[in-house]
Amino acid sequence: MSKYEHSGDLFEDLKEWLGCQFISDINSEEFQCEACWALISPIFTGYTLEQSQDMMEYLSLNQYTQITNENEAKSILQQHLVERRNFSEG
Numbered sequence: 003m004s005k006y007e008h009s010g011d012l013f014e015d016l017k018e019w020l021g022c023q024f025i026s027d028i029n030s031e032e033f034q035c036e037a038c039w040a041l042i043s044p045i046f047t048g049y050t051l052e053q054s055q056d057m058m059e060y061l062s063l064n065q066y067t068q069i070t071n072e073n074e075a076k077s078i079l080q081q082h083l084v085e086r087r088n089f090s091e092g
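For the sequence shown, the residue numbers in this note's numbering are 3 to 92.
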């Protein structure tokens, strides 16, 4: 995407960014890892805490739905990607 503007809806914005047809595609095997990388990036900032919590739950990171800020969510997503990479290598 050359020019990106937030709509204010994290799910819709991520769907558009990833090129998914449906929001449900975000959590598919094809897009989930890329979704996590996108959410860690500085592009996806400024959303409400509630949206971040909902996204964590949607990505099946339910144990982290009590995050208290955006940086904590990004840190958890980064940790999830490292664990996922280590699992696939092991």
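Yeah, the Cβ is synthetic: ideal placement off N, Cα and C, and Gly gets one too. Quick caveat: nothing in here was measured; it's all calculated off a predicted structure.
Cβ-based burial, residue i [other Cβ within 10 Å; buried from 16]
i	result
leucine 41	buried
isoleucine 28	buried
phenylalanine 46	buried
Range of the contiguous alpha helix (DSSP H) that encloses residue i
i	result
aspartate 15	12-20
glutamine 68	Looking at the DSSP string, glutamine 68 is not in any alpha helix (DSSP H), and its letter there is neither H nor E.
aspartate 56	51-60
glutamine 34	34-42
Same chain only: Cβ atoms within 8 Å of residue i, ignoring 5 sequence neighbours per side
i	result
isoleucine 69	Leu51, Ser54, Gln55, Met58, Ala75, Ile78
leucine 83	Cys35, Cys38, Trp39, Ile42
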